[in-house]
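First comes the structure, then the notes that go with it.
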Amino acid sequence: MKKVVFFVIVVVALFRSPDISVIINRFYRNNLFNSFHSQIINDDFNAEDYWQFRERFSNGSFTADQTNTNFLGTFKITNVSDQLTTLLFYNSKHLDSIDGLLKGNFSLISEKIKQDFQGEILVETDKLVYIQIDDRNYILAFIEPIDTMKKVNGMFDYKPDEYELIKDCSWYNITRIQL
61 MKKVVFFVIV
71 VVALFRSPDI
81 SVIINRFYRN
91 NLFNSFHSQI
101 INDDFNAEDY
111 WQFRERFSNG
121 SFTADQTNTN
131 FLGTFKITNV
141 SDQLTTLLFY
151 NSKHLDSIDG
161 LLKGNFSLIS
171 EKIKQDFQGE
181 ILVETDKLVY
191 IQIDDRNYIL
201 AFIEPIDTMK
211 KVNGMFDYKP
221 DEYELIKDCS
231 WYNITRIQL
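Okay, structure coming up:
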């Protein structure tokens, strides 16, 4: 009897854990996507929700761009270019993304995205573009203020010299989602 109870507890825990559910239950991943997709379509995009979606939808790993960052003990921004500066790459089976800094207007990113990824533009604002390439592939690009980036991902605790580098920047993200 104890073995049966233990087995039931383990099975329930596996299916209730978001990280494990997404691996063994593709319907859970589809539900995550549908919910996130609806948020974007209904003009209810939230960067914190995006960060959670990315982590739960497809577990992956971050890599820092070594040309613009230093990761000795803490993550430190060391270089910002005149337009786009990549900071982090997220790679997983169903989702890849780039996080970085943008000096200038979002159109620098959105025009390039629309040119490189032909598909139906589902949402386009001055801060976000969302494109459906086909039934299984989507591209999302957005910008947010630096303070939002600091709040959402928690990796940035800017020192005065870093803040001086990024004060005229926005946080940008470009994500490829594959169902």
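Straight run, no breaks: the sequence shown in our numbering ends on number 239. Every residue gets a Cβ at the ideal spot worked out from N, C-alpha and C, and that includes glycine. The structure presented is a predicted model; accordingly, all values stated were derived computationally and were not measured.
First and last residue of the alpha helix (DSSP H) that includes residue i?
i	result
S157	No alpha helix (DSSP H) holds S157; the beta strand (DSSP E) holding it covers L155 to L162.
S167	S167 to D176
T208	I206 to N213
D221	P220 to I226
With 16 other CB atoms within 10 Å as the buried threshold, where does residue i fall?
i	result
R114	buried
T123	exposed
S157	buried
S121	exposed
F16	Residue 16 is absent from the model: the chain starts at 61 and stops at 239.
S167	exposed
T185	exposed
F202	buried
R76	Low confidence applies here, because R76 scores a pLDDT of 49, under 50, leaving its location unreliable and the question unanswered by this model.
Excluding sequence positions up to five away, which residues of its chain have a Cβ less than 6 Å from the Cβ of residue i?
i	result
Y223	none
D159	L147, L148 and N233
I237	L155 and Y198
H179	It is worth fixing the name first, because residue 179 is Gly in this sequence and not His. Closer than 6 Å at the Cβ level, and outside the excluded window around G179, lie I191, Q192 and I193.
L200	Y190 and T235
F96	F113
Quick check on the DSSP output: the beta strand (DSSP E) that includes residue i runs from which residue to which?
i	result
R236	S230 to Q238
V183	E180 to E184
N102	It is not in any beta strand (DSSP E) - N102 carries neither H nor E in the DSSP assignment.
Return the chain-ordered list of same chain residues with a C-beta closer than 7 Å to the C-beta of residue i, the five sequence neighbours on each side being excluded.
i	result
D142	K163
K208	Correcting the residue identity first, residue 208 is Thr in this sequence and not Lys. Counting only Cβ-Cβ distances below 7 Å, and skipping sequence neighbours, we find A107 and W231.
P78	Model confidence at P78 stands at a pLDDT of 49, short of 50, so the residue's coordinates are unreliable; what they give is reported in the following sentence. Excluding residues within five positions, the ones whose Cβ falls inside 7 Å are R116.
Can you tell me the Cβ-Cβ gap for residue i and residue j, rounded? I've got them flagged as a contact below 8 Å.
i	j	result
I181	I169	Not a contact, Cβ separation roughly 14 Å.
Q112	F105	Rounded, the Cβ-Cβ distance is 13 Å, inconsistent with contact.
V140	I193	About 30 Å; that fails the 8 Å criterion.
S152	N119	6 Å
L155	R196	Between R196 and L155 the Cβ distance is about 12 Å, and since that is not below 8 Å, they are no contact.
Comparing alpha-carbon positions, which option in the options lies nearest residue i?
i	options	result
D176	T127, K153 and Y198	Y198
T235	Y110, I226 and D103	Y110
N102	T129, Q238 and V183	V183
E60	L188, D195 and R196	Past the boundaries of the shown model lies residue 60; the chain is included only from 61 to 239, so the question cannot be answered.
P220	N213, Y150, N130 and I137	I137
Does the Cβ of residue i lie closer than 6 Å to at least one heavy atom of the ligand MN?
i	result
I100	Among the components of this structure there are no ligands whatsoever, and the ligand MN is therefore not found.
Considering only residues of the same chain and omitting the five flanking positions on each side of residue i, which have a CB-CB separation below 8 Å?
i	result
C229	V140, T145, L161, L162, K163 and I206
Q126	none
I173	V189, I191, I199, A201 and I234
Within 7 Å (strictly less), CB to CB, does residue i reach chain B?
i	result
S118	Going by chain labels, chain B is absent from the structure shown, which holds only one protein chain.
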